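S.K.: What follows is a single structure, and I will ask about it in a moment.
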Amino acid sequence: ALLDEDYLTLVSVAARNEDHGQVHVWGRVDLDGLSVTGYDLGANSKDYAILLADGIGGRFTGEYRIQSRLSSFGEPVPHITGRARASEVFLESEFEEAVPGIPTIFDPTTRPLWTADLFVRAPGNIMVRNSVLDAEFEGEMQLTKSEEGFGGVGELDLRRGSYWVYNNQFRMIDGKLTFADPNDLRNVDLNVTAQTDVLGERIEVAVTGKPDTLVVTPTSESGLSQGEIFTMLSFRSGPQEGSVNSGRVLTSWATSLASRFSREMTRGLGNVGTLEIGADEDLPEIRYGNYFSNDLYLGFSQKIGQTDYLTKEQGPYQENLPIPDRQVRVEYRLRRFLVLESQAGTFRDGDRFFNVDLKYRIPY
Numbered sequence: 002a003l004l005d006e007d008y009l010t011l012v013s014v015a016a017r018n019e020d021h022g023q024v025h026v027w028g029r030v031d032l033d034g035l036s037v038t039g040y041d042l043g044a045n046s047k048d049y050a051i052l053l054a055d056g057i058g059g060r061f062t063g064e065y066r067i068q069s070r071l072s073s074f075g076e077p078v079p080h081i082t083g084r085a086r087a088s089e090v091f092l093e094s095e096f097e098e099a100v101p102g103i104p105t106i107f108d109p110t111t112r113p114l115w116t117a118d119l120f121v122r123a124p125g126n127i128m129v130r131n132s133v134l135d136a137e138f139e140g141e142m143q144l145t146k147s148e149e150g151f152g153g154v155g156e157l158d159l160r161r162g163s164y165w166v167y168n169n170q171f172r173m174i175d176g177k178l179t180f181a182d183p184n185d186l187r188n189v190d191l192n193v194t195a196q197t198d199v200l201g202e203r204i205e206v207a208v209t210g211k212p213d214t215l216v217v218t219p220t221s222e223s224g225l226s227q228g229e230i231f232t233m234l235s236f237r238s239g240p241q242e243g244s245v246n247s248g249r250v251l252t253s254w255a256t257s258l259a260s261r262f263s264r265e266m267t268r269g270l271g272n273v274g275t276l277e278i279g280a281d282e283d284l285p286e287i288r289y290g291n292y293f294s295n296d297l298y299l300g301f302s303q304k305i306g307q308t309d310y311l312t313k314e315q316g317p318y319q320e321n322l323p324i325p326d327r328q329v330r331v332e333y334r335l336r337r338f339l340v341l342e343s344q345a346g347t348f349r350d351g352d353r354f355f356n357v358d359l360k361y362r363i364p365y
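Note that the numbering used here gives residue 180 to position 179 of the sequence shown, counting from 1, and the numbers run on in steps of one.
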């Protein structure tokens, strides 16, 4: 650093954080005695970990300019502009309106700690985790932080993930998050298509709209009504079974509690994969899965307890199939929409199975 009469020249200031992330800063700092009156700095980062707020952050490589700007109160505030490539982004915030009296990074403020106008590109590994979503996205966004709030404009496309409807886990097959509010990142439009199997019935849901006005449209292979589908999702009861008894209500409540507990526990453990505790075909089960790279996923499931040899109905025109007692699934992404999937496992009678599928996913 070089000190002049009324300014300080930073030749190079370097910092590191976990896993060898680096940032370098240089430029001019204006002084009035010992007080900083302004600054104009350049910076670059390489895989540098930045925590923007509780539950929001990532690792960024890019070039930036940091200038002092006066807030509405006349205080100098750093304003950051530039472009960055994110190798990892995590967003663990709920898509919901602000709670009165509890300020967040998204809310307007007259005294921002910093402001920004940044273009961020992420080819993958944007992890969105909250009470309804656990998914990976890719895309580009223009992020804005000002006195009006924290928002962004851009689109994130689904790579893979899960969506919860009535505490049933749906596997997302297509999805997009559209951000169009530069002042509130929570103001997002969801367009998600997901599938699950309940009592041998393949159910698909289309979820569209904003978080506070979501429209969930379910369909099934056999053409069940929406009321019949929601009954199956809520109580795991088929339409032919008539009224729902208290035992199924209790089972549904217990499954809901276990599902929420396992998701919260996974979030608390950090990025160690997805751990689930639930009931599948009325038999308790533990499921674990993790992405070991951007393209490789490994999942494992294990039934708990003793029961007779089970089968599940595949529909009116398909024969019943045995339910695996233990199952391992490997998924490898060959291209953006081309996936190689392999499953292996054992049934309760000791028989084993193995299958390989090549899947091409068409976005629409």
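Ideal Cβ placement from N, Cα and C applies to all residues, glycine included. Quantities reported herein were computed from a predicted structural model and do not represent experimental measurements.
Report the rounded CA-to-CA distance for Val357 versus Val331, giving the unit in angstroms.
M.R.: Straight-line measurement puts the Cα of Val331 at about 9 Å from the Cα of Val357.
S.K.: Using three-state DSSP, classify Glu342 as helix, strand or coil.
M.R.: strand
S.K.: In angstroms with no decimal places, state the Cα-to-Cα distance between Thr194 and Gln143.
M.R.: Going by C-alpha positions, Thr194 is about 26 Å away from Gln143.
S.K.: Gly437 lies in the beta strand (DSSP E); which residues open and close that run?
M.R.: There is no way to answer for residue 437, as the model of the chain reaches only from 2 to 365.
S.K.: With C-beta atoms as the reference, is Thr110 less than 7 Å away from Lys146?
M.R.: Lys146 sits away from Thr110, with the two beta carbons spaced by 7 Å or more.
S.K.: Which residue comes first and which comes last in the beta strand (DSSP E) that contains Phe180?
M.R.: 169-182
S.K.: Just verifying my parser: in three-state terms, what is the DSSP assignment at Gly56?
M.R.: coil
S.K.: Decide yes or no for the touch test of the stretch 219-230 against the stretch 183-197: beta carbon pairs closer than 8 Å, at least 3 of them.
M.R.: no
S.K.: Taking the beta strand (DSSP E) that Phe1 falls in, what are its first and last residues?
M.R.: Residue numbering for the chain in the displayed model covers 2 to 365; residue 1 lies beyond these limits and cannot be assessed.
S.K.: Within the same chain, show all residues whose beta-carbon is closer than 6 Å to that of Glu141, passing over the 5 residues directly before and after it, in chain order.
M.R.: Arg122, Gly155
S.K.: Tell me the DSSP secondary structure of Asp118 in three-state form.
M.R.: strand
S.K.: Less than 8 Å between the CB atoms is what I'm expecting for Leu200 and Leu215, so what's the real figure, rounded?
M.R.: The C-beta distance from Leu200 to Leu215 rounds to 25 Å, too long to meet the 8 Å contact threshold.
S.K.: DSSP beta-bridge partners for Val37?
M.R.: Answer is Leu32, bridged to Val37.
S.K.: Do you know whose CA, among Val329, Val340, Leu359, Tyr333, lies nearest Gly346's CA?
M.R.: Among Val329, Val340, Leu359, Tyr333, the Cα nearest to that of Gly346 belongs to Val329.
S.K.: Three or more C-beta pairs under 8 Å: does that hold for the stretch 39-58 against the stretch 20-31?
M.R.: yes
S.K.: Taking a contact to mean a Cβ-Cβ separation below 7 Å, would you say Ile67 touches Val90 in this structure?
M.R.: no
S.K.: Are the CB atoms of Gly63 and Arg29 within a distance shorter than 7 Å?
M.R.: no
S.K.: Per DSSP, which one or two residues make a beta bridge with Met128?
M.R.: Phe91, Glu137
S.K.: Does Leu114 pass the burial test, meaning 16 or more other C-beta atoms within 10 Å, or should it be called exposed?
M.R.: Result: exposed.
S.K.: Should Thr197 be labelled buried (16 or more other beta-carbon atoms within 10 Å of its own) or exposed?
M.R.: buried
S.K.: So, Gly152 versus Pro183, is the Cβ gap smaller than 7 Å?
M.R.: In this structure, Gly152 lies near Pro183, with their beta-carbon atoms less than 7 Å apart.
S.K.: Can you tell me the Cβ-Cβ gap for Met233 and Glu205, rounded? I've got them flagged as a contact below 8 Å.
M.R.: The pair is not a contact, with the Cβ atoms about 13 Å apart (cut-off 8 Å).
S.K.: Over the uninterrupted beta strand (DSSP E) stretch that includes Pro219, give me the two end residues.
M.R.: 216-221
S.K.: Kindly list the residues whose CB is nearer than 8 Å to the CB of Gly43, restricted to its own chain and excluding five residues on each side of it in sequence; keep chain order.
M.R.: Val26, Trp27, Gly28, Glu64, Tyr65, Arg66, Ile67
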